[in-house]
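Taking it in order: structure first as structure tokens, then the write-up.
Protein chains: 2
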Amino acid sequence: MCGIVGYIGYRQAFPIVINGLKRLEYRGYDSAGICIVNGDPFLAKQKGKVSDLEAFIGDRPLPGTIGIGHTRWATHGEPNDINAHPHESMNGKFILIHNGIIENYSLLRSKLEKRGYIFKSETDTEVLVNLIEYIYLKGNVTPEIAVRLALTKVVGAYGIVVINRDEPDTLIAARKGSPLVIGVGEGEYFIASDATPIVEFTKSVIFLNDNDVAVLQRNQMVLKTIYNQALEPNIQQLDIDIEAIEKGGYEHFMLKEIYEQPRSIHDTYRGRISSDPFDIHLGGLYSVLPNLTEAKRIILIGCGTSWHAALVGEYLIEDLARIPVEVEYASEFRYRNPIINKDDVVIAISQSGETADTLAAIRLAKEAGALVLGICNVVGSSIPRETHAGVYTHAGPEIGVASTKAFTAQVTVLIMMAILLGRRRGTLTEERYRELIREVTLVPDKIEKILQSEELVKVISERFKDSRNFLYLGRGYYFPVALEGALKLKEISYIHAEGYPAAEMKHGPIALIDDTMPVVVIAIKDSSYEKIVSNVQEVKARKGVIIAVVTEGDTTIKEMADYTIEIPEAGEIVGALLTVIPLQLLAYHIAVMRGCNVDQPRNLAKSVTVE
Amino acid sequence: MCGIVGYIGYRQAFPIVINGLKRLEYRGYDSAGICIVNGDPFLAKQKGKVSDLEAFIGDRPLPGTIGIGHTRWATHGEPNDINAHPHESMNGKFILIHNGIIENYSLLRSKLEKRGYIFKSETDTEVLVNLIEYIYLKGNVTPEIAVRLALTKVVGAYGIVVINRDEPDTLIAARKGSPLVIGVGEGEYFIASDATPIVEFTKSVIFLNDNDVAVLQRNQMVLKTIYNQALEPNIQQLDIDIEAIEKGGYEHFMLKEIYEQPRSIHDTYRGRISSDPFDIHLGGLYSVLPNLTEAKRIILIGCGTSWHAALVGEYLIEDLARIPVEVEYASEFRYRNPIINKDDVVIAISQSGETADTLAAIRLAKEAGALVLGICNVVGSSIPRETHAGVYTHAGPEIGVASTKAFTAQVTVLIMMAILLGRRRGTLTEERYRELIREVTLVPDKIEKILQSEELVKVISERFKDSRNFLYLGRGYYFPVALEGALKLKEISYIHAEGYPAAEMKHGPIALIDDTMPVVVIAIKDSSYEKIVSNVQEVKARKGVIIAVVTEGDTTIKEMADYTIEIPEAGEIVGALLTVIPLQLLAYHIAVMRGCNVDQPRNLAKSVTVE
């Protein structure tokens, strides 16, 4: 969850590290710190954002061509100066930055305390750096051996970079669970928790694997496992456009990403479906298509917004391809002795491709012999590298912590998969198949139209910005949309919003409804329209306030609701893509009006790479 | 959802009707009304509870040996005097009480308006009574024919009782979707939406089926379908103890029912499992056991609290019997073209056995050829009558609207089913089988012990009674418990509480956490204990307040949490039964301290018999 940057080479390290941290700030930003080596290492760390650290350092010159930096997302100990990284060992021999969680830190800490170690912070990281030093001094071994031995004692996840005062011209990096990328230059190396800080310098990268250790000097890299087995580096070429991660005129990344959706959805299906002739082709699935088509059961796995996309996927695949689908929270799946058969297909959904729980779940599924596929946005991330096959979402980099375009891209991929499977399994007539493809190609224009309702959404936001609670209701395809709408509001405005299947309201949540409770209802004209009309009446009978997302031209709901936002008519398989747009805008504007930091909401990180 | 009472015979009708309404008040209580026939019908109705109606009538003598009464739970139009039942037709010919929803009321209403009908209320019921009158006057037919013809025009659900001024010595009752029971006396008949108002007078009852019409006179009952096909009445004998529905010394039914759980759980497994010799026997499943054992997939269906029991059931059955389980909201399942194969088993869970969405779902599953089973509490209710087989929970009548002992009884049945299936499928060793049975028999004593923590729960309730929001977190078996704990609080205290799988917190809800947000964590020592410790630390790092349910003797969580409630050590298959108890008590005491009506929370009905 935290961000790591490291540099060793011939350039000045400080600007590289500090700019890298800014690029990574979306991964965690409750405190930040750096260490620059110029003979002796200089260390500075500070609670707050990277800009706070910069202000703290001020104009002080920090020469040096070796450096590391870190932005933190707290797991052990609250965000403050002391808990910030880098952490230094008690006798000052080692300085370390760390992503991940050391699970047995409490045991290790008490052992070290018995041996005289005193701790300044509450972090698990300080335990690790002291353990390394203890082994180094006690065992009289090289720094590299000390790092490797220490890591064999550790239970948990880590991505680390280590500086040693006795050999200051060396950086040691290692990973297990938390991603690390090494950029390979000429006479220089870069290290980062993802490629964004690196690409402006080099496109040649090495993704570290679990239990890898890299010992970096200016002109040499030695790669091995923590068990001292030598490894051959696998250098890959990246293709990332740094321009794409700028805000481009919008006030926030999130708003930019909401407005990008007509294009990102188009990018996601471009070259994959065509309506002349009618065709659908997902290259990444080609090799596994026979198995996928014959799957007895599909298990969709995700966390947060990706889990909502999975719920939409369940309805799509069951409806169009008639394969039973089970949706699981990745975190629950991996710990509950799940049933995975050899003819089951597991599909993991993750924007970042690094979500720790999702990664662990797919490893479990692979061990059980299932075919494991991925739907991810970040090319070259861990999930695509560890699955048998998959489909990229092509939404482009998503910087806003609250996912928008990644969600609609995931749903677009799931729609294509469901149509493809339905076609191959013979559960769709030729006519329906063509109609479904046509529906997908009409989505971008319809979203353009929905985006025009932003002014109306602003009016609604103004009225409800001080509400303390929201309910979101939907049925069928719109139940996951209700969950997603509520999650957006919760994430960025800190209003307690909850989504429910509309009919479940009567089994409890209706007790919350009074004249202060706004209820967002997705009330599209479909087969259960009459039922949702009844639900709206039940809310109104209890004086609840209704904000309804309705089909263009609807009059019944309009007479009852306090506010209505219209959606162009469309087939229900694309309904989630359309109806989620006004809910994204609603969350965005309420959060802005409340003065919240929309792109970097408190407590949240973009990519949850700890469990 | 509403309650219906009717009487025709030789006794004074008014006391029978008004006492019957009080018995039924748990089904709906936003307004009430009666009609007593003494030559001319006298009608009185009033917003509020049955006691408000009684006060309104005061000492006025209301002689008459025919009468009907109704308590309403609003579906169309807000609760007020005019919308209360009975409803009278425009020309006064018919007086009617109605449970259920007429879905095409808007179309029927505009047709009647074109024919000169003027409406006083916003209800669908007034549309029905005027439709009957219109057919009666226009068609010059008997009242019975008018009722039957009108019902053929109606889309939706109803249980109705009709009085006609031209033939005042006749009651006409009909049902579709909403339950009706007729009590058969000597020279008298009783009608009610369930048997509670009837049993003190007669145990001989007839359950009306869909499309049945009963024409009742003092000495004669004619039973037919709305299509005029004659039917033979099927008189059954009831066995309900009226004493059992008294409060018995507790301040509220809910508290009484919480404290009954050691006994109700024991009642649920008594005679079904034994540990000397080790045996498990569920008589209601005997005939279907081979099919159930060979099931390819089990689909568990429920609403509200029963849906939470189903989630626990999923973990149990997958863990112990290794059959894939899918859990569905009944309301979602029935409308989304679900996949049901012939070797699937569908199990419906419902306390009342009358939940409309669950009933509709099992009908769908039966049509698809699946074996359909029920887990219900109310003997003789619709779900047990419509399923192929099933298991009663034996929790006794549950009066508190917020379900407590019905939930733990449902989970107890699911535990027994999972053990039985695991035993038959050979997925349990003899040793584990015995250990699991032993665990179940230890539950009542452990719950007695947990109930002793009530004073501590009161202290916690006092501190948090004014909180506006709560989060509930759990993993594995404790995730559904978190959902159930949150639902209890929401239902009776109107505090917005939400349950989450603990690991999902980082994917959104953590943004809500600050020093005003109490977080209830179920942190039992099991295989994911280390993970939940990390989650607790993440909350504490953001200054959240932790109320933890922990294993007796735990020290790690105790050091971090603000409050801890201890649970005796137990196997995780019974963990849900134990950990839910303090959460029930917490919701109860917070609601009482906030001055809420615990047994009859606003907007809620005990048994949701409309969709």
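From first to last, the protein sequence lines stand for chains X and F.
Start counting the first sequence at 1339; every next residue gets the next number (my numbering).
Start counting the second sequence at 1339; every next residue gets the next number (my numbering).
We treat Cβ as the ideally placed atom computed from N, Cα and C, and that holds for glycine.
Looking at the unbroken beta strand (DSSP E) that takes in S1369 of chain F, where does it start and where does it end? First-last of the beta strand (DSSP E) with S1369 of chain F: S1369 to N1376.
Positions along the region 1818-1847 of chain X whose CB lies within less than 8 Å of some CB in chain F: Taking 8 Å as the Cβ-Cβ cut-off against chain F, the residues of the region 1818-1847 of chain X that qualify are L1825, K1828, E1829, I1830, Y1832, H1834, E1836, P1839, A1840, A1841, E1842, K1844, H1845, G1846 and P1847.
Assuming S1389 of chain X is part of the alpha helix (DSSP H), what are its boundary residues? Looking at the DSSP string, the run of the alpha helix (DSSP H) that includes S1389 of chain X is V1388 to I1395.
Distance cutoff 8 Å, beta carbons only. Does D1419 of chain X sit that close to anything in chain F? Output row for D1419 of chain X: interface = no.
Quick one: list the residues of chain X neighbouring E1664 of chain F, beta-carbon separation under 9 Å, in chain order. Using a Cβ-Cβ cut-off of 9 Å, E1664 of chain F is close to P1662, V1663 and E1664 of chain X, given in chain order.
Using 8 Å as the limit for Cβ to Cβ distance, is L1942 of chain F near chain X? Yes - at least one Cβ of chain X is within 8 Å of the one on L1942 of chain F.
Residue interval of the beta strand (DSSP E) (run including I1636 of chain F): Per DSSP, the unbroken beta strand (DSSP E) holding I1636 of chain F starts and ends at R1635 to G1640.
Give me the Cα-Cα distance between D1783 of chain F and G1846 of chain F, rounded to the nearest whole angstrom. Each residue's alpha carbon lies about 39 Å from the other.
Residue nearest to E1842 of chain X in terms of C-alpha spacing, selected from F:D1532, F:G1497, F:G1642 and F:M1592: Per the Cα distances, F:G1642.
Going along the chain, which residues of its own chain have a beta-carbon closer than 6 Å to the beta-carbon of R1349 of chain F, five neighbours each way excluded? Here R1349 of chain F has no same chain residue with a Cβ atom under 6 Å from its own Cβ, once five neighbours each way along the sequence are excluded.
When you compare the CB of S1389 of chain F with every CB in chain X, is at least one pair closer than 8 Å? Between S1389 of chain F and chain X, the shortest Cβ-Cβ separation is not below 8 Å.
Cβ-Cβ distance between N1421 of chain X and E1471 of chain X below 8 Å: It is not a contact, given that the beta carbons lie outside the stated cut-off.
Look up P1818 of chain X in the DSSP assignment and say whether it is helix, strand or coil. Looking at P1818 of chain X - three-state DSSP - the assignment turns out to be helix.
Buried or exposed: which applies to T1384 of chain X, given that a residue is buried once 16 or more other Cβ atoms fall within 10 Å of its Cβ? The displayed chain sequence assigns Gln, not Thr, to residue 1384 of chain X. Flag for Q1384 of chain X reads buried.
Which class does A1694 of chain X belong to by DSSP, given the choice of helix, strand or coil? For A1694 of chain X, the three-state secondary structure derived from DSSP is helix.
Can you tell me the Cα-Cα spacing of A1382 of chain F and L1654 of chain X, whole angstroms? As the crow flies, the alpha-carbon of A1382 of chain F is around 52 Å from that of L1654 of chain X.
I'd like to know whether the C-beta of P1939 of chain F is nearer than 8 Å to at least one C-beta of chain X. By this cut-off, P1939 of chain F is an interface position.
Taking just the CA atoms, how far does N1468 of chain F sit from R1447 of chain F? Whole-angstrom Cα-Cα distance: 9 Å.
What alpha helix (DSSP H) runs, 4 residues minimum, are completely inside the region 1870-1896 of chain F? Here no run is fully enclosed.
Can we say the region 1792-1801 of chain F touches the region 1811-1824 of chain F, given the rule of at least three CB pairs closer than 8 Å? Too few Cβ pairs lie closer than 8 Å, so no.
Can you give me the Cβ contacts of L1561 of chain X inside the same chain, cut-off strictly under 6 Å, excluding the 5 residues immediately before and after it? If we look at L1561 of chain X and ignore the five residues flanking it on each side, its Cβ neighbours are A1552, L1569 and P1571.
Beta carbon of V1874 of chain F, beta carbon of I1895 of chain F: below 8 Å? In this structure, the beta-carbon distance from V1874 of chain F to I1895 of chain F falls below 8 Å.
Compile a chain-ordered list of the residues in the region 1878-1910 of chain X whose CB is closer than 9 Å to at least one CB of chain F. Legend: CB atoms of the region 1878-1910 of chain X lying less than 9 Å from CB atoms of chain F belong to residues K1878, A1879, R1880, K1881 and T1894.
Kindly list the residues whose CB is nearer than 6 Å to the CB of D1681 of chain X, restricted to its own chain and excluding five residues on each side of it in sequence; keep chain order. Leaving aside the five residues that flank D1681 of chain X on each side, the residues in its chain whose CB is nearer than 6 Å to its CB run, in chain order, K1634.
Per DSSP, G1408 of chain F is paired with what? Before going on, a small fix: residue 1408 of chain F reads as His here, not Gly. Paired residues: F:I1342 and F:G1371.
Given a cut-off of 8 Å, decide if G1609 of chain F and G1728 of chain F are closer than it, judged by their beta-carbon atoms. Cβ atoms of G1728 of chain F and G1609 of chain F: not closer than 8 Å.
In this structure, does DSSP put E1464 of chain F in helix, strand or coil? Three-state DSSP puts E1464 of chain F in a helix.
Using a C-beta to C-beta distance shorter than 8 Å, which residues of chain X count as neighbours of S1866 of chain F? The answer, in chain order, is Y1673.
Who are the Cβ neighbours of I1573 of chain X in its own chain at under 8 Å, not counting the five residues just before and after it? Excluding positions up to five away in sequence, the list reads V1522, S1542, V1543 and I1544.
Helix, strand or coil, according to DSSP, for I1583 of chain X in the structure here? Caution is warranted here: a pLDDT of 46 is assigned to I1583 of chain X, below 50, making its placement in the model unreliable, and no coordinate value can be reported.
For I1544 of chain X, does the three-state DSSP call read helix, strand or coil? Note: I1544 of chain X maps to strand in three-state DSSP.
Report back the beta-carbon spacing between I1775 of chain X and I1788 of chain X to the nearest angstrom; my notes put them in contact at under 8 Å. About 21 Å separates the two Cβ atoms, so there is no contact after all.
Could you tell me the alpha carbon to alpha carbon distance between N1478 of chain F and L1759 of chain X, rounded to whole angstroms? Roughly 59 Å separates the two Cα atoms.
Taking Cβ-Cβ distances shorter than 7 Å, what residues in chain F pair up with D1577 of chain X? In chain F, no part has a C-beta under 7 Å from the C-beta of D1577 of chain X; the shortest such distance is about 28 Å.
Counting only the same chain and skipping the five closest in sequence on each side, list residues whose C-beta sits under 8 Å from that of E1581 of chain X. Confidence at E1581 of chain X is low in this model, with a pLDDT of 48, below 50, so its placement is unreliable and the value that follows should be read with caution. Here the set comprises nothing.
Contacts around R1601 of chain X, its chain only, beta-carbon distance under 8 Å, and the 5 residues preceding and following it disregarded: Contacts found: P1782.
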